[in-house]
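Okay, structure first, notes after.
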Amino acid sequence: MELEQEFAGVQVGGVDFLPLYRACIEASQTPVPNWKVLLRAQRARHLADCFVASLALPGKRCECGVLRGFSALLMARLAAQRGVDPGLILIDSFEGLSAPTGEDAIEETAADGRVVKRQTHQAGHFATPIEYVRQVLRDFPDIAILKGWVPEVFAQLPDERYAFVHLDLDLYEPIKAGLEYFYPRMVPGGILVNDDYGSTLFPGAGKAWREFFAERGLDYQVLDSGQAVYVCPAQQAPAVDVAGKDDDALIEEAVAAMARGDLGSVELLLKTVLGRSSESDAQHIDAAYLLGALAIVVGAEAKGIDVVSACVKQGGFSPKFSYYFGRFVDALGERGEALRKQLQLGRLIPWHVVGFLGIEQNFNNIEPWYFSRAMVNVFPRKQGEFADPEKLVEKYVLPGWLPAAPPFDAQSRLLTLGSCFAQELRNYLSERGMASDWLFVPPGLNNTFALRNFISWCLTGETSTQAYWYDENPDGGAVKWEDGGNRASYEAALQRVDGIILTVGLAEVWYDTATGGVFWRGVPKSLYDETRHLCRVSTVAENEENLREIIRLIHAARPGLPIVVTLSPVPLKATSSPRSCISVDTVSKSILRVAIDNVVGAGIDNVYYWPSFEIVRSLGPHLPYEMFGEDGNTRHVNRQAVHLILKAFIKHYFRSQV
Numbered sequence: 130m131e132l133e134q135e136f137a138g139v140q141v142g143g144v145d146f147l148p149l150y151r152a153c154i155e156a157s158q159t160p161v162p163n164w165k166v167l168l169r170a171q172r173a174r175h176l177a178d179c180f181v182a183s184l185a186l187p188g189k190r191c192e193c194g195v196l197r198g199f200s201a202l203l204m205a206r207l208a209a210q211r212g213v214d215p216g217l218i219l220i221d222s223f224e225g226l227s228a229p230t231g232e233d234a235i236e237e238t239a240a241d242g243r244v245v246k247r248q249t250h251q252a253g254h255f256a257t258p259i260e261y262v263r264q265v266l267r268d269f270p271d272i273a274i275l276k277g278w279v280p281e282v283f284a285q286l287p288d289e290r291y292a293f294v295h296l297d298l299d300l301y302e303p304i305k306a307g308l309e310y311f312y313p314r315m316v317p318g319g320i321l322v323n324d325d326y327g328s329t330l331f332p333g334a335g336k337a338w339r340e341f342f343a344e345r346g347l348d349y350q351v352l353d354s355g356q357a358v359y360v361c362p363a364q365q366a367p368a369v370d371v372a373g374k375d376d377d378a379l380i381e382e383a384v385a386a387m388a389r390g391d392l393g394s395v396e397l398l399l400k401t402v403l404g405r406s407s408e409s410d411a412q413h414i415d416a417a418y419l420l421g422a423l424a425i426v427v428g429a430e431a432k433g434i435d436v437v438s439a440c441v442k443q444g445g446f447s448p449k450f451s452y453y454f455g456r457f458v459d460a461l462g463e464r465g466e467a468l469r470k471q472l473q474l475g476r477l478i479p480w481h482v483v484g485f486l487g488i489e490q491n492f493n494n495i496e497p498w499y500f501s502r503a504m505v506n507v508f509p510r511k512q513g514e515f516a517d518p519e520k521l522v523e524k525y526v527l528p529g530w531l532p533a534a535p536p537f538d539a540q541s542r543l544l545t546l547g548s549c550f551a552q553e554l555r556n557y558l559s560e561r562g563m564a565s566d567w568l569f570v571p572p573g574l575n576n577t578f579a580l581r582n583f584i585s586w587c588l589t590g591e592t593s594t595q596a597y598w599y600d601e602n603p604d605g606g607a608v609k610w611e612d613g614g615n616r617a618s619y620e621a622a623l624q625r626v627d628g629i630i631l632t633v634g635l636a637e638v639w640y641d642t643a644t645g646g647v648f649w650r651g652v653p654k655s656l657y658d659e660t661r662h663l664c665r666v667s668t669v670a671e672n673e674e675n676l677r678e679i680i681r682l683i684h685a686a687r688p689g690l691p692i693v694v695t696l697s698p699v700p701l702k703a704t705s706s707p708r709s710c711i712s713v714d715t716v717s718k719s720i721l722r723v724a725i726d727n728v729v730g731a732g733i734d735n736v737y738y739w740p741s742f743e744i745v746r747s748l749g750p751h752l753p754y755e756m757f758g759e760d761g762n763t764r765h766v767n768r769q770a771v772h773l774i775l776k777a778f779i780k781h782y783f784r785s786q787v
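Residue numbers for the sequence shown follow this note's numbering, beginning at 130 and rising by one.
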């Protein structure tokens, strides 16, 4: 009850303090003896206040003396609540205290009246394994944790400036060394905290602090919790010479001062602009907005929001405003990005507009769009949803593309045709015991022209385009594909399979201008004639016609045979176009995807689309693992991605599984 009475309604950085405190104690399993219940909470509250105040400043934040990670977790969660990466560094020996010196002994009066000195703790007290602390802070992997003894461990630190340092080192020598290292590296307004300044068990901590600041003639504050706090003085704003400088020049100087961390000069320069300009002047509005943003940064959030909101409603910013604001935000680093995000979410970053229709309206009162209510399928709104790729695919990719009932079972024979991605599917099904015919299929069937040629030949014997059946030799170069008199075996295989999976890969094709015939892959060097052989991107209509004819041929021979069409996610290898390969690949995949959509969307019975392309290309950039390149080939889809796609395929297309 004592804690509830003391901390009822207390907030730190907009967060209810007591629940946060208790959660961090529990998570770190930090023991709190009865005599220290109120004292520990008081110290945590003061530490949290100082830490939050430092978040408005540039620079790193450091804690020396981590123990079980309680205070580090408290600070990390406070920063996370504000959407800020604090740049937190933790330093500890993780082997307990170093050996105390005479400065750390307490004095006691013996029975005979003599004053004797006694050490309250020995070397090794408070040892906590670094692995334990890492587990406590597992949700904050960006926190740097350094193992080592003060002051030697300081050699591991880069040359940084610090906005906040918490010294919880207990003993005289490490406290003194910590002050000597960090004090000259503090930013203006930076905060130093000594946790054990007033501790009777650790008198050396207070003695080191008093000596250090006395030598420099500096004052500090001692809190009711026994902690000591020193706030470095802010830089004095230099005199601002405004003579002969227009408002634009003064705003430029203010932005430059922001980059230096000289907040006093920023305020003075912007207020100078406000004082000598009209409220309707563009420079006046620019300066007022930047002052409002500065107020948000230094903790006067409500006032700052009011100011920037008023500026946005008024409008009339100068053409250079975006430049000023960009430099202002960049100077703040990660804190600036948090500010930008906050203003964007509140629709408080102004855009140059013509007219101000509706700008006075409250966005919360505007009637919602009908489609925002009617749309049932959306893009994932939360980044955390990408942490579970299988669930993500089920929820966001597959709706609308699944068969009413699985068309296959574990004994179904499937024929996979098309790009190299079709080979991945064939291997995956075979590895999992799915029935399949070991039938050699040319791997070069990666455009709809080649697929149409091959299936037409298999089912009808048509060979009118045989001259263009050139594939890639496994040892390199081109080879004319010959069936070896086995067409009958191919036709028989097509007659007994239970389903066909067509994977389309490319829309860019080589063709013969004299006949219009298309090559499977490319033109063999011995045949190439620059006067008649060219490369082009085929059209949506051509690919749509090819797909319809493929389906017609298959269903003429096998009425109702399930056909699954997919678009290979494998990128184009090269292009003869003067445009970049990546650009041509985008156009090529778009053409094929539209052609497939037109065909599958026509509602032909037992014709389906499987969205492997979308899983790799649209979701892939958000997933926690790479989509391509694990075998050294930057175009090959990784096995983990293949498993993600095909595991879902088997789940929805097979009635029983092996």
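All C-beta atoms in this analysis are idealised placements derived from N, C-alpha and C, irrespective of residue type, glycine included.
Local conformation of E133 per DSSP, three classes
Position 4 of the sequence shown, counting from 1, holds the residue named residue 133. Note: E133 maps to helix in three-state DSSP.
Proximity of I425 and L580 at Cβ, strictly below 8 Å:
Within the sequence shown, numbered from 1, the residue matching residue 425 stands at position 296. Within the sequence shown, numbered from 1, the residue matching residue 580 stands at position 451. It is not a contact, given that the beta carbons lie outside the stated cut-off.
Distance, V522 Cα to E289 Cα:
As a first step, residue 289 is located in the sequence shown; it is residue number 160 there, counting from the start. As a first step, residue 522 is located in the sequence shown; it is residue number 393 there, counting from the start. Counting only the Cα atoms, V522 lies some 44 Å from E289.
Assess, as a yes-or-no matter, whether the region 219 to 227 is touched by the region 268 to 278 under the definition of 3 or more beta carbon pairs within less than 8 Å.
yes
Would you tell me roughly how many angstroms separate the C-alpha atoms of N675 and T577, rounded to the nearest one?
Here residue 675 refers to the residue found at position 546 of the sequence shown. Here residue 577 refers to the residue found at position 448 of the sequence shown. Approximately 6 Å between the Cα atoms of the pair.
Residue nearest to L379 in terms of C-alpha spacing, selected from R389, M387, L399, A388
Taking the first residue of the sequence shown as position 1, residue 379 is located at position 250. It is L399.
Using alpha carbons as the reference points, say which of K511, A201, G346 lies closest to L176.
As a first step, residue 176 must be located in the sequence shown, where it is residue number 47. Nearest of K511, A201, G346 to L176, Cα basis: A201.
CA nearest to the CA of H772, picked from E560, V693, S655:
Position 643 of the sequence shown, counted from the start, is the residue given in the question as residue 772. Of the listed residues, the one whose Cα sits closest to H772 is E560.
How long is the line joining the alpha carbons of F450 and L477, rounded to whole angstroms?
The sequence position of residue 450 within the sequence shown is 321, counting from 1. The sequence position of residue 477 within the sequence shown is 348, counting from 1. Rounded to whole angstroms, F450 and L477 show a C-alpha spacing of 14 Å.
Whole runs of the alpha helix (DSSP H) within the region 217 to 295, excluding any shorter than 4 residues
259 to 265
Can at least three beta-carbon pairs, one atom from the region 316 to 329 and one from the region 287 to 301, be found at a separation below 8 Å?
yes
Suppose contacts are defined by Cβ-Cβ distances below 8 Å. Is S354 in contact with Q171 by that definition?
The residue you call residue 354 lines up with position 225 of the sequence shown. The residue you call residue 171 lines up with position 42 of the sequence shown. In this structure, the beta-carbon distance from S354 to Q171 falls below 8 Å.
Between the C-alpha atoms of P750 and E743, what's the straight-line distance to the nearest angstrom?
Walking along the sequence shown from the start, residue 750 turns up at place 621. Walking along the sequence shown from the start, residue 743 turns up at place 614. Taking the straight line from one Cα to the other gives about 11 Å.
Taking 8 Å as the cut-off, decide whether the C-beta atoms of G761 and S697 are in contact.
One-based indexing of the sequence shown puts residue 761 at position 632. One-based indexing of the sequence shown puts residue 697 at position 568. Not closer than 8 Å, so no.
Quick one: what does DSSP say R784 is sitting in, helix, strand or coil?
Position 655 of the sequence shown, counted from the first residue, corresponds to residue 784. Residue state, collapsed to three classes: coil.
Can you tell me whether DSSP reads G319 as helix, strand or coil?
Taking the first residue of the sequence shown as position 1, residue 319 is located at position 190. Three-state DSSP puts G319 in a strand.
Using the Cα positions of L588 and E620, report the straight-line distance between them to the nearest angstrom.
Position 459 of the sequence shown holds residue 588. Position 491 of the sequence shown holds residue 620. Using only the alpha carbons, I get a separation of about 6 Å.
Residue burial classification, H765 (beta-carbon count within 10 angstroms, cutoff 16):
Start at 1 with the first residue of the sequence shown, and residue 765 comes out as number 636. Counting Cβ neighbours within 10 Å, H765 comes out buried, since at least 16 surround it.
Does V723 come out as helix, strand or coil in the three-state DSSP assignment?
For this step, residue 723 is matched to residue 594 along the sequence shown. Correct three-state label for V723: helix.
Whose C-alpha, out of K609, L527, E637, is nearest the C-alpha of T695?
As a first step, residue 695 must be located in the sequence shown, where it is residue number 566. Ranking K609, L527, E637 by Cα distance to T695 puts L527 first.
Identify the continuous beta strand (DSSP E) that holds W530 and give its terminal residues.
Position 401 of the sequence shown, counting from 1, holds the residue named residue 530. Taken as a continuous stretch (DSSP letters only), W530 belongs to no beta strand (DSSP E), as it is neither H nor E.
What are the boundary residues of the beta strand (DSSP E) that includes W338?
Sequence index remark: in the sequence shown, residue 338 carries index 209 (1-based). Per DSSP, W338 belongs to no beta strand (DSSP E); it is in the alpha helix (DSSP H), 332 to 344.
Residue of E232, R197, M204, P303 minimising C-alpha distance to V265:
Reading the sequence shown from its first residue, position 136 is the one you call residue 265. Measuring from the Cα of V265, the nearest candidate turns out to be R197.
Cα separation between V626 and L690?
Against the sequence shown, residue 626 aligns to sequence position 497. Against the sequence shown, residue 690 aligns to sequence position 561. Their backbone Cα atoms lie some 9 Å apart in a straight line.
According to DSSP, simplified to helix, strand and coil, what is Y754?
Counted from its first residue, the sequence shown places residue 754 at position 625. Three-state DSSP puts Y754 in coil, outside helix and strand.
Where does W739 sit, in a helix, a strand or coil, going by DSSP?
The residue you call residue 739 lines up with position 610 of the sequence shown. It is a strand residue.
What residues in its chain sit with their C-beta under 7 Å from that of A516, if we drop five residues either side in the sequence?
In the sequence shown, residue 516 corresponds to position 387, counting from 1. Answer for A516: P753, listed in chain order.
Name, in chain order, the residues that DSSP records as bridge partners for Y657.
The residue labelled residue 657 in the question sits at position 528 within the sequence shown. The partner list for Y657 (beta bridge, DSSP) is empty, contrary to what the question assumes.
Leaving out five residues on either side along the sequence, give the residues of the same chain with a beta carbon under 8 Å from the beta carbon of A596.
Sequence index remark: in the sequence shown, residue 596 carries index 467 (1-based). Reliability fails at A596, whose pLDDT of 47 lies under 50, so the model's placement of it is uncertain and the value that follows must be treated cautiously. So the list reads G646, once near-sequence residues are dropped.
Please identify the residue among A234, F180, A228 whose C-alpha is closest to the C-alpha of A208.
Here residue 208 is taken as the residue at index 79 of the sequence shown, counted from 1. Looking at the Cα atoms, F180 is the closest of the given residues.
If you draw a straight line from the alpha carbon of V144 to that of W338, how long is it in whole angstroms?
Indexing the sequence shown from 1 puts residue 144 at position 15. Indexing the sequence shown from 1 puts residue 338 at position 209. So the two alpha carbons sit approximately 31 Å from each other.
DSSP state of V195, grouped into three classes?
For the purposes of this step, residue 195 is taken as the residue at position 66 of the sequence shown. Of the three classes helix, strand and coil, the one that applies to V195 here is coil, per DSSP.
Do V262 and V161 come within 8 Å of each other at the CB atom, strictly closer than that value?
Here residue 161 is taken as the residue at index 32 of the sequence shown, counted from 1. Here residue 262 is taken as the residue at index 133 of the sequence shown, counted from 1. No.
Candidates N556, I272, L286, V728: closest to V669 by CA position:
As a first step, residue 669 must be located in the sequence shown, where it is residue number 540. Residue V728 is the option with its Cα nearest to V669.
Cβ neighbour criterion (16 or more within 10 Å) applied to D376:
As a first step, residue 376 is located in the sequence shown; it is residue number 247 there, counting from the start. It counts as buried.
Comparing C-alpha positions only, which one of G628, N163, E659, G573 sits nearest to R542?
On the sequence shown, residue 542 is found 413 positions in, with the first residue counted as 1. Between R542 and the set G628, N163, E659, G573, the nearest pair of CA atoms involves G628.
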